[in-house]
Amino acid sequence: QTNLKNELIALENERFQTQARLNALVARPASAPLAEPERLRPLPAPVKLDYAALEDRVRGRNPQLFSEDARLKAAEKTRELIYKNRYPDFTVGIAPVQYRSAIKEWMLMVELNIPLQQSSRRSQEREAEAMLSAARARKDSATNQVLSDLSENLSGLDAARRTEMAIANSLLPQAEITFKAALASYENGKVDFATLLDAQRQIRQAKQNQIKLQAQGQARLADIERLLGEDL
């Protein structure tokens with residue numbers, strides 16, 4: 172009985188913590204009531220969780236990688252513009268010359284800017300190269316981290332799925348058989364009530380673990396979709 176009370180206290184505490192985290196995600200007070208949970212959506216078939224296929228989608232759609240790619244392109248453009256300062260800049264213009272109310276001539280203008288501040292230009296080039304290298308390094312680092320997260324979540328989802336199936340197909344049926352046997356033995360006076368409670372506890376524990384694994388699978392799926400930037 173004491174163990175049962177402890178389990179109830181632990182479950183109630185876990186429920187409250189989960190409620191607080193969910194409310195925090197939607198900017199609500201921690202104790203705000205939540206709607207009753209609906210049926211969990213089915214997990215995608217394993218064929219839809221192929222790493223190679225999802226890697227291509229992540230590279231093309233991940234918001235973080237998209238942002239880093241934009242920074243890299245901006246750094247490349249800045250470098251390109253700065254290197255153009257190595258060469259003289261020509262500006263050609265033409266303007267009419269008006270005499271009283273008539274235009275009788277046209278004036279051609281040519282402006283030539285010659286870069287003379289070589290030390291300043293070289294300093295700008297070095298800075299642009301450093302900024303470009305940093306942008307490339309950030310993108311490579313972000314790509315490696317995102318793909319690592321993808322691999323980790325795919326592995327975690329697969330483990331949660333297989334473990335939950337093992338509980339549903341093996342552990343839980345065995346626990347139910349054990350409980351039925353303990354109940355029959357208790358009715359015949361062969362075992363005490365504590366043995367019966369322990370058999371019932373095994374069923375309860377198996378169901379709790381099953382629910383936790385289902386939740387873990389859904390959390391892994393949500394993380395994968397966050398990395399993809401879209402639903403699977």
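Sequential numbering of the sequence shown, starting at 172, is according to the working numbering.
Cβ atoms here follow ideal geometry from the backbone N, Cα and C, with glycine treated the same way.
All values reported here derive from a predicted model rather than from experimental measurement.
- Task: Evaluate contact between the segment 208-216 and the segment 292-303, counting only Cβ atoms and requiring at least three cross-stretch pairs below 8 Å.
- Result: no
- Message: Taking the straight line between their C-alpha atoms, what separation do you get for Tyr-251 and Asp-221?
- Response: Sequence index remark: in the sequence shown, residue 251 carries index 80 (1-based). Sequence index remark: in the sequence shown, residue 221 carries index 50 (1-based). Before going further, note that residue 251 is Glu rather than Tyr in the sequence given. Straight-line measurement puts the Cα of Asp-221 at about 39 Å from the Cα of Glu-251.
- Task: Output the residue ranges of the beta strand (DSSP E) runs that lie fully inside the segment 306-331 and measure 3 residues or longer, sorted by chain position.
- Result: none
- Identify, in the order they occur along the chain, each residue of the same chain with its Cβ nearer than 7 Å to the Cβ of Gln-295, setting aside the five sequence neighbours on each side. Residue numbering aside, residue 295 sits at position 124 when the sequence shown is read from its first letter. Excluding positions up to five away in sequence, the list reads Ile-253.
- Whole-number beta carbon distance between Leu-392 and Thr-334, since they are thought to touch under 8 Å: Position 163 of the sequence shown, counted from the first residue, corresponds to residue 334. Position 221 of the sequence shown, counted from the first residue, corresponds to residue 392. Contact between Thr-334 and Leu-392 does not hold, since the beta-carbon distance rounds to 15 Å and is not under 8 Å.
- Relative to the alpha-carbon of Pro-200, which residue among Ala-206, Arg-192, Gly-231 has its alpha-carbon at the smallest distance? Counted from its first residue, the sequence shown places residue 200 at position 29. Cα-wise, what sits closest to Pro-200 is Arg-192.
- Message: If you reduce the DSSP assignment to three classes, tell me which class Val-197 lands in.
- Response: Working through the sequence shown from its first residue, we reach residue 197 at position 26. Of the three classes helix, strand and coil, the one that applies to Val-197 here is coil, per DSSP.
- Message: Taking contact to mean 3 or more Cβ pairs, one atom from each stretch, closer than 8 Å, check whether the segment 311-318 and the segment 235-247 are in contact.
- Response: yes
- Task: Please list, in chain order, all residues of the same chain as Lys-248 whose beta carbon is under 6 Å from its beta carbon, the five residues on each side excluded.
- Result: Translated into the one-based positions of the sequence shown, residue 248 becomes position 77. Contacts found: none.
- Task: Inspect the beta-carbon positions of Leu-399 and Arg-228 and report whether they are closer than 8 Å.
- Result: Along the sequence shown, one-based indexing puts residue 399 at 228. Along the sequence shown, one-based indexing puts residue 228 at 57. The answer is yes: Cβ separation under 8 Å.
- Message: I need the DSSP call for Val-362, collapsed to helix, strand or coil.
- Response: Stepping through the sequence shown from its first residue, residue 362 is reached at position 191. Note: Val-362 maps to coil in three-state DSSP.
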